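Novice:
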Amino acid sequence: MSKSNVTRRGVLRTGAVAGAGLAVPTIFTASSASAFTNEPTGSSVTLGFNVPQTGPYADEGADELRAYELAVEHLNGGGDGGMLNTFSSKALQGNGIMGKKVEYVTGDTQTKSDAARASAKSMIEKDGAIMITGGSSSGVAVAVQALCQEAGVIFMAGLTHSNDTTGKDKRANGFRHFFNSYMSGAALAPVLANAYGTDRKAYHLTADYNWGYTTEEAVRSSTEAMGWETVGTVLTPLTQTDFSSYIAPVLQSDADVLVLNHYGGNMVNSLTNAVQFGLRDRMVNGKNFEIVVPLYSRLMAKGAGANVKGIFGSTNWHWSLQDEGSKAFVQSFGTKYGFPPSQAAHTCYVQALLYADAVERAGSFNPCAVVEALEGFEFDGMGNGPTLYRAEDHQCFKDVLVVKGKENPSSEFDLLEIVEVTPVEQVTYAPDHPQFAGGALGTCNAGA
Amino acid sequence: MFGLDKRDTTLLLIVAALVALAPFLLNPFPENSDLAQFNAGYPDLMQRFVIFGIFAIGFNILFGLTGYLSFGHAAFLGVGSYAAVWMFKLLSMNIIPAIVLAVIVAGVFALLIGFISLRRSGIYFSILTLAFAQMSFALAYSVLTPITGGETGLQLALDDPRIIGQQVTEGGNIPVPSLFGLEMRDSAELALGPWLFTFNIGYYVCAIIMLIAFYISIRIFRSPFGMMLRAIKSNQQRLNYTGLNSRPYTLAAFVISGMYAGLAGGLMASMDPLAGAERMFWTASGEVVLMTILGGAGTLIGPILGAGMIKYMENIISKINKTILHEWFYWMPDGLEDAMVSIVYPFIGKGWHLTLGIIFMLVVIFLPGGLVEGGQRIANFFRGRKAAKQEGKGTTEPAE
Amino acid sequence: MDAIILQILNGLDKGSAYALIALGLTLIFGTLGVVNFAHGALFMIGAFCAVTLSRILTLSHEVIDETRKDFLGNPLKVDVPYVYDWFGQETGDVIIDWAVPLSILFAIPIMIGIGVIMERGLIRHFYKRPHADQILVTFGLAIVLQEIIKYFYGANPIPTPAPDAFVGSFDFGAAVGMEAGQIIYPYWRLVYFAFAAVVIGAVFAFLQFTTFGMVVRAGMADRETVGLLGINIDKRFTIMFGLAAAVAGLAGVMYTPINSPNYHMGMDFLVLSFVVVVVGGMGSLPGAVLAGFLLGILESFASMREVIDLIPGINQVIIYLVAIIILLTRPRGLMGRKGVMEE
Chain A
7 MSKSNVTRRG VLRTGAVAGA GLAVPTIFTA SSASAFTNEP TGSSVTLGFN VPQTGPYADE
67 GADELRAYEL AVEHLNGGGD GGMLNTFSSK ALQGNGIMGK KVEYVTGDTQ TKSDAARASA
127 KSMIEKDGAI MITGGSSSGV AVAVQALCQE AGVIFMAGLT HSNDTTGKDK RANGFRHFFN
187 SYMSGAALAP VLANAYGTDR KAYHLTADYN WGYTTEEAVR SSTEAMGWET VGTVLTPLTQ
247 TDFSSYIAPV LQSDADVLVL NHYGGNMVNS LTNAVQFGLR DRMVNGKNFE IVVPLYSRLM
307 AKGAGANVKG IFGSTNWHWS LQDEGSKAFV QSFGTKYGFP PSQAAHTCYV QALLYADAVE
367 RAGSFNPCAV VEALEGFEFD GMGNGPTLYR AEDHQCFKDV LVVKGKENPS SEFDLLEIVE
427 VTPVEQVTYA PDHPQFAGGA LGTCNAGA
Chain B
86 MFGLDKRDTT LLLIVAALVA LAPFLLNPFP ENSDLAQFNA GYPDLMQRFV IFGIFAIGFN
146 ILFGLTGYLS FGHAAFLGVG SYAAVWMFKL LSMNIIPAIV LAVIVAGVFA LLIGFISLRR
206 SGIYFSILTL AFAQMSFALA YSVLTPITGG ETGLQLALDD PRIIGQQVTE GGNIPVPSLF
266 GLEMRDSAEL ALGPWLFTFN IGYYVCAIIM LIAFYISIRI FRSPFGMMLR AIKSNQQRLN
326 YTGLNSRPYT LAAFVISGMY AGLAGGLMAS MDPLAGAERM FWTASGEVVL MTILGGAGTL
386 IGPILGAGMI KYMENIISKI NKTILHEWFY WMPDGLEDAM VSIVYPFIGK GWHLTLGIIF
446 MLVVIFLPGG LVEGGQRIAN FFRGRKAAKQ EGKGTTEPAE
Chain C
22 MDAIILQILN GLDKGSAYAL IALGLTLIFG TLGVVNFAHG ALFMIGAFCA VTLSRILTLS
82 HEVIDETRKD FLGNPLKVDV PYVYDWFGQE TGDVIIDWAV PLSILFAIPI MIGIGVIMER
142 GLIRHFYKRP HADQILVTFG LAIVLQEIIK YFYGANPIPT PAPDAFVGSF DFGAAVGMEA
202 GQIIYPYWRL VYFAFAAVVI GAVFAFLQFT TFGMVVRAGM ADRETVGLLG INIDKRFTIM
262 FGLAAAVAGL AGVMYTPINS PNYHMGMDFL VLSFVVVVVG GMGSLPGAVL AGFLLGILES
322 FASMREVIDL IPGINQVIIY LVAIIILLTR PRGLMGRKGV MEE
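Residue numbers (our numbering), protein chains in the order written: chain A, 7 to 454; chain B, 86 to 485; chain C, 22 to 364.
(1) If we call anything under 8 Å between Cβ atoms a contact, is Phe127 (chain C) one with Gly273 (chain C)?
(2) Alpha carbon to alpha carbon, how far is Leu305 (chain A) from Ala364 (chain A)?
(3) Counting only Cβ pairs nearer than 8 Å, list the residues of chain A close to Asn400 (chain B).
(4) Can you pull the chain C residues whose beta carbon is under 9 Å from the beta carbon of Gly380 (chain B), in chain order?
(5) Which class does Gln475 (chain B) belong to by DSSP, given the choice of helix, strand or coil?
(6) Would you list, in sequence order, the uninterrupted alpha helix (DSSP H) runs of no fewer than 4 residues that lie entirely inside the segment 138-222 of chain C?
(7) Per DSSP, Asp86 (chain C) forms a beta bridge with which residues?
(8) Around the C-beta of His82 (chain C), are 16 or more other C-beta atoms found within 10 angstroms, so that it is buried, or is it exposed?
(9) Answer yes or no: do Leu130 (chain B) and Lys435 (chain B) have a C-beta to C-beta separation smaller than 8 Å?
(10) Report yes if the CB atom of Tyr361 (chain A) is closer than 8 Å to the CB atom of Ile160 (chain A), and no otherwise.
(11) Taking the straight line between their C-alpha atoms, what separation do you get for Asn169 (chain A) and Ala298 (chain B)?
(12) Consider the Cβ of Ile179 (chain C): report whether some Cβ of chain A lies at a distance smaller than 8 Å.
(13) What distance in whole Å lies between the Cβ atoms of Cys354 (chain A) and Gly164 (chain A), which are believed to be in contact at a cut-off of 8 Å?
(14) Take Ile389 (chain B) and list the residues in its own chain whose beta-carbon comes closer than 6 Å to its own, dropping the five residues that flank it on each side.
(15) Using 10 angstroms around the beta-carbon of Asp93 (chain B), count the other beta-carbons present and answer buried if the total reaches 16, otherwise exposed.
(16) Identify every run of the alpha helix (DSSP H) within the segment 127-154 of chain B, keeping only runs that are complete inside it and at least 4 residues long; order them along the chain.
(17) Is the CB-CB distance between Gln122 (chain B) and Ile341 (chain B) below 8 Å?
(18) Using CA coordinates, which residue listed in C:Leu30, C:Leu46 and C:Ala183 is at the minimum distance from Ala265 (chain C)?
(19) Please report whether the beta-carbon of Trp119 (chain C) lies at a distance below 8 Å from any beta-carbon of chain A.
(20) Give me the DSSP bridge partner(s) of Leu267 (chain B).
(21) Using 8 Å as the threshold, is the C-beta distance between Gly126 (chain B) and Pro115 (chain B) below it?
(22) For Phe334 (chain C), decide whether its Cβ has a neighbour in chain B, counting only Cβ atoms nearer than 8 Å.
(23) Could you compute how far the alpha carbon of Trp171 (chain B) sits from the alpha carbon of Phe339 (chain B)?
(24) So which residues of chain A does Ser263 (chain B) contact, with C-beta pairs closer than 7 Å?
(25) Which residues, taken in chain order from the segment 308-321 of chain C, show a beta carbon closer than 8 Å to some beta carbon of chain A?
(26) Just to confirm the assignment: which complete beta strand (DSSP E) runs, minimum length 3, are found wholly within the segment 161-215 of chain A?
(27) Output needed for Thr92 (chain A): all residues of its chain with C-beta closer than 6 Å, excluding positions within five of it in sequence on either side, in chain order.
(28) Taking the continuous alpha helix (DSSP H) assigned at Asp363 (chain A), which residues delimit it?
(29) Cβ atoms of Ile85 (chain C) and Leu441 (chain B): under 8 Å apart, would you say?
(30) Select from A:Tyr215, A:Gly145, A:Gly67 and A:Trp325 the residue whose C-alpha is nearest the C-alpha of Gly94 (chain C).
(31) Using a Cβ cut-off of 8 Å, pull out every chain C residue sitting near Val336 (chain A), in sequence order please.
(32) Distance cutoff 8 Å, beta carbons only. Does Val1 (chain A) sit that close to anything in chain C?
(33) Kindly identify the DSSP beta-bridge partner or partners of Glu458 (chain B).
(34) Kindly indicate if chain B contains any beta-carbon less than 8 Å away from that of Gln337 (chain C).
(35) Give, in chain order, every residue of the segment 208-240 of chain A whose Cβ lies closer than 8 Å to some Cβ of chain C.
(36) In terms of residue numbering, what span does the alpha helix (DSSP H) encompassing Asp330 (chain C) cover?
Here it is in structure tokens:
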């Protein structure tokens, strides 16, 4: 691959430096010379893709990065255009963003809030990134979102499912396309009641950190509203690998449903252990014992192998969706990389496009203008049906998928089948819902 | 000068000069060149260099002098940053009270843990400190979420009281940490032709504090107290037979080094007001051990070098991606370019851990004294053998 | 009561893994005096031996099935394992199904080989160096090994199921005439426990009842004197290192059906196994085994709901809390020798 030697880094600086450098040999510029942080003045604009490249979520991060590379290609007019063709807003022309070529820098969040912030800071301070996006956990999303608010750049969250991201830790400069714990609960509960009846006793195993807490609360309150009873909840340490000592007590309780509020490696291990203990074949209170995994990730479900079969969960998006947007995205992603995209890849791709579109529509890279353009923005053709970016909390409201582990997968990617597409009305909540209480959006910060 | 002998004064002055000129030294490549990727002269990384330098200097006071290998030092850094962020939440955004409280809290915490752990020595001591740190991490991440923020880390909010400071800025945002009005994130930039240098206030605040910390560490190394600590390292039993109780000395060293860690934690929170629980995970404690050994345990400057090395890898190497590689090798014929990219690719970007592991191994295999020994070898090579024998260990004499 | 029996079983099972890893760690430490931070990586490599063998067994060629479509609408490529061609589908399935037990045979020579190469190539040069240097170099090695595995196998866990014959659970309750379905335990976990018991027994018997073992034990006690007797102790220690690597590797192979292996599973076990070794007492093999089972059982009890409700967060810290209490009451762990690694 031959490439012209384009500058990838802080074009603002290069431009400013070249100009100033010629005029006066030595000048000091205070950092508030431009209207907002990292205002792009050259012929290109730099985005920062901050994804986990090491640690347990590295594969998910790699998939996010693939999606971003695809998005950049499409924004710059390359490839088949993907979702640009199906996106309801037609502001994007395939000539970059506002005529500026899109370039990007990458960083490693390590799925640690400290490392993620360090990496985001270097993108902002060193590379002149105007927007940061990515991440595969809520801890990182919340930490980086707060940083972007402080620095005066836009943050487009990647995979983050905790209520807090657009709840108590929401920020004016941060936006989330991914769904959240509340929506998972609201979408799952009716399906579960339908499949397993309303007279059920649930036992929760919950990852002992913020995301786990909000997910347990959401699933609990919506299943209890359906008539289920919660007979036990136990918190499990993040670093736990063998869940046998948490699964065994389930045998002694009179619970007939086990809810695993776990994600990633925790989910793979707890589900595998639960199946090992024969919970799937068990009869309690005259009913078949069932297991539920509120948040599914296809990439991770693969690690649990045959154990996911028949198990309900929810997901933000799945490649088997048949709307035009999803088909276009799967087609261009699949052609480029040879396998279908994950939900993490989808949300990241969409976020990158949404940001670019907002800039086009606002006619400015100024974060405050972008915030204004995104707030209350309604769009379609991005794979989840008509979607609203709500102004009050910067959360996307769209249909949620309830899925089930497939009994007879035809390939290694074909692990989940869509059971129901829960309409957006059913998962919408008031901005002051108790599960999202506390915190304030604040006002947008353009930095500089 | 300052009560130091000539050699130490020189060392202090060299370090001071390096730190003051760091914005130039770390940005040796013009902005628009391909090598600009390797520039490290941006505020966040420079701050990290000196903050982890402080952490490693403090660790070295314990490990380098007494030989006690603490595997839980990150816990003190963690509680220090929690204390500092709480100060920002409750009192004001001025960094002075935050840093003071961070040092005090870390000191008290170190006193407590040190008092218990120092009843044992050797690996038993290491495991005790490790156990305390892991307990702190596990609890901070889960049960103590109301105090520590848990997974997301402790962060500021608009509705924090900040009794004597400003609660919300005029623009409706959370105020940023400052030193009597000097905002930590403010920078001035100097453009010299294609070069661009950034001078950040936060960095210079950290740098001055590090120089003070470094000076204190030199004084400790050269003091009778330092001699006593070295005696403990070389033969604690013999020391005990002379009727001397070594515990107060080791405990003092432990607390001092815990306070250094707390200082580093407080500074970290001052530069970036968020405290995450991962700061206390065992890998974070391991990292400071690696920094110290990598740089040269028991030497004055080694830990700072080691800290710089590891942070550089983490922040610079991890950011190189395939596109950048293709730009580096674009001048090669196509086949060769792709071959070069695929050879280098596993070692950069997501492979930065691999590079780090290889460097650990190479350094410890070939340079048992760490990077400092590498520097000495180069210096000796230039000075010629004879001179080397006379001056021998140079300015950075190991403790043993 | 049932709950307690179940947690004891869980504890024994977890303890088996801890004990096997700690045993290998202590063997290396006791014989060579080396603190091996790469031991967790050996456990991980063992697990990936199983993954590799099942990959080899399912090595396939592609057959294009025109009747079905893949996700892009192209004709589906169906992978047909070579073993199907050679042995027929039925026998082929059985072979693939038994991949994990078969990997034991596959892993032993590989692990011994890796162990010997590690000792001869690297560790040998670190006998006289300070423990801190040993930690740094083996830690570096552990990172390198795990990054190599990540490069080839990715970061996600890889499902490696047990043979069908071992899927399901054994009903203890029904076996002794109590209520059925209350005390059940997965077959494979019972297999793991039995396997650990056999390996631990074999290692002890080997050290206790063979001449080779006797020499090694003598070498552990006083290396110099044994050397003066004209015995090539170094060679035997190399073999011991290979043996320790094999024990860690086998522990990893057998662990794969319990939890899907991933590249950082070694690091997850590393800290824990060090705690186990130290609680057991540095250099004491029975101590390591005892501490492994003890901590496994206590960890299991601490994760019961009744206990967590009583003391919130106890399941997070139990191992470390117990380690602190034991080290403060028994200065050299449960069965440690005086003067080992106390400087």
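Think of the CB as a built atom: it goes at the ideal place given N, C-alpha and C, for glycine as much as any other residue.
The structure displayed is predicted, hence computed values, not measured ones.
Specialist: The answer reads as follows:
(1) no
(2) 30 Å
(3) Ala124, Ser125 and Ser128
(4) Within 9 Å Cβ-Cβ: nothing; Gly380 (chain B) doesn't reach chain C, min ~11 Å.
(5) The pLDDT assigned to Gln475 (chain B) is 48, lower than 50, so where the model puts this residue is not dependable, and the model offers no usable value.
(6) 152-174 and 193-196
(7) C:Leu97
(8) exposed
(9) no
(10) yes
(11) 43 Å
(12) yes
(13) 5 Å
(14) Gly138
(15) buried
(16) 128-151
(17) no
(18) C:Leu46
(19) no
(20) B:Leu264
(21) no
(22) The question names Phe, but residue 334 (chain C) is Gly in the sequence shown. Closer than 8 Å: yes.
(23) 25 Å
(24) Under the 7 Å cutoff, chain A gives no residues; its nearest Cβ is about 13 Å from Ser263 (chain B).
(25) Glu320 and Ser321
(26) 180-182 and 207-213
(27) Glu330, Gly331, Ala334 and Gly387
(28) Gln349 to Ala368
(29) no
(30) A:Trp325
(31) Phe92 and Leu93
(32) Residue 1 (chain A) is absent from the model: chain A starts at 7 and stops at 454.
(33) DSSP lists no partner for Glu458 (chain B).
(34) yes
(35) Asp214, Gly238 and Val240
(36) Arg326 to Leu331
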